[in-house]
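Below is one structure; the comments refer to it alone.
Numbering (this note's numbering), first residue to last: 2 to 266.
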């Protein structure tokens, strides 16, 4: 049987070990250096509370990157996602924040390259046939041209931040089929627009996987919260200012994008 002194020494050793563990864990978390790249869905257009320094990029403190930063307190945070950004804008204007010390990167990109905004305008304002034609053009671009552009961006991210875990976020379905809108477009147009999002997500997921990145699929998170769905819509329909149309609300950022990113990160 051990003496009281031996037990005390053993207990002290255990406590010191546990103390070392609990002190080291926050220190480890504080080494995260996070860079948020991408387009309006990552900037938080539509979520309000835009930072004064972001100007027309409209970076929101309600956007998922900012919310994740507030919850996890990384040692460095670079938020450069920008409204209207295309793959070329990421290459030219956003990659400078990356370095070998970057440990976490998030990005959504490709929707503007595929002409999603003009497709939405056509579908809302023009005939069904014009909408279906515009969607077909966008899907063709996504399937045939966008893969090479994404490969270029992803390779550049890896080259600049070789030690980073990269999470690529997809795009949600905009419409609930069979949903009820006082003013809105029919189910044929809605289905076509959702199909364009599916095509964009499929291409993005494959290119991200090929690059060794993690793809965050937000479509499931937004189910039941699409336009023409429940009273708790997480997406704007046509609204003012017009550039916020068809973008996530603050609730869409916190309830849709943030959980998906947090799980992937």
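Every residue gets a Cβ at the ideal spot worked out from N, C-alpha and C, and that includes glycine.
{"Query": "Excluding the 5 residues flanking residue 264 on each side, which residues of the same chain have their C-beta closer than 8 Å to its C-beta?", "Result": "217"}
{"Query": "Thinking C-alpha only, which one of 117, 163, 126 and 156 is nearest residue 141?", "Result": "117"}
{"Query": "Which value, in whole angstroms, describes the spacing of the CA atoms of residue 229 and residue 248?", "Result": "14 Å"}
{"Query": "If the criterion is Cβ atoms closer than 8 Å, does the pair residue 154 and residue 215 meet it?", "Result": "no"}
{"Query": "Between which two residues does the beta strand (DSSP E) harbouring residue 35 extend?", "Result": "34-37"}
{"Query": "Should residue 50 be labelled buried (16 or more other beta-carbon atoms within 10 Å of its own) or exposed?", "Result": "exposed"}
{"Query": "Compute the Euclidean distance between the alpha carbons of residue 136 and residue 66, then round it to the nearest angstrom.", "Result": "30 Å"}
{"Query": "Using a threshold of 8 Å, state whether the C-beta atoms of residue 78 and residue 60 are closer than that.", "Result": "no"}
{"Query": "In the DSSP output, what is residue 176 paired with across the bridge?", "Result": "228"}
{"Query": "Could you check where the beta strand (DSSP E) with residue 217 kicks off and where it finishes?", "Result": "215-217"}
{"Query": "Between 93, 64, 76 and 100, which has its C-alpha nearest residue 160's C-alpha?", "Result": "100"}
{"Query": "Would you identify the three-state DSSP class for residue 77, choosing helix, strand or coil?", "Result": "strand"}
{"Query": "For a test of the three-state rule: what should DSSP assign to residue 68, helix, strand or coil?", "Result": "helix"}
{"Query": "May I ask you to verify whether the stretch 248-257 touches the stretch 197-216, counting CB pairs closer than 8 Å and requiring at least 3?", "Result": "no"}
{"Query": "Identify every run of the alpha helix (DSSP H) within the stretch 125-184, keeping only runs that are complete inside it and at least 4 residues long; order them along the chain.", "Result": "129-145 and 147-161"}
{"Query": "What did DSSP end up calling residue 46 once you bin it into helix, strand or coil?", "Result": "coil"}
{"Query": "Closest to residue 76 by C-alpha separation, out of 63, 57, 103 and 54, would be which residue?", "Result": "103"}
{"Query": "With distance defined between alpha-carbon atoms, name the residue in 112, 91 and 204 nearest to residue 42.", "Result": "112"}
{"Query": "Would you call the CB atoms of residue 261 and residue 204 closer than 8 Å?", "Result": "no"}
{"Query": "Evaluate residue 242 with the Cβ neighbour count: other Cβ atoms within 10 Å of its Cβ, from every protein chain shown; 16 or more gives buried, anything less gives exposed.", "Result": "exposed"}
{"Query": "Mind checking residue 22: buried by the 16 CB within 10 Å criterion, or exposed?", "Result": "With a pLDDT of only 36 at residue 22, under the threshold of 50, the placement of this residue in the model should not be trusted, and no figure is reported."}
{"Query": "Helix, strand or coil for residue 100? Go by DSSP, reduced to three states.", "Result": "coil"}
{"Query": "State the start and end residues of the unbroken alpha helix (DSSP H) segment that holds residue 259.", "Result": "259-265"}
{"Query": "Are residue 64 and residue 105 close, meaning C-beta to C-beta below 8 Å?", "Result": "no"}
{"Query": "Along the chain, where does the alpha helix (DSSP H) that runs through residue 201 open and close?", "Result": "188-211"}
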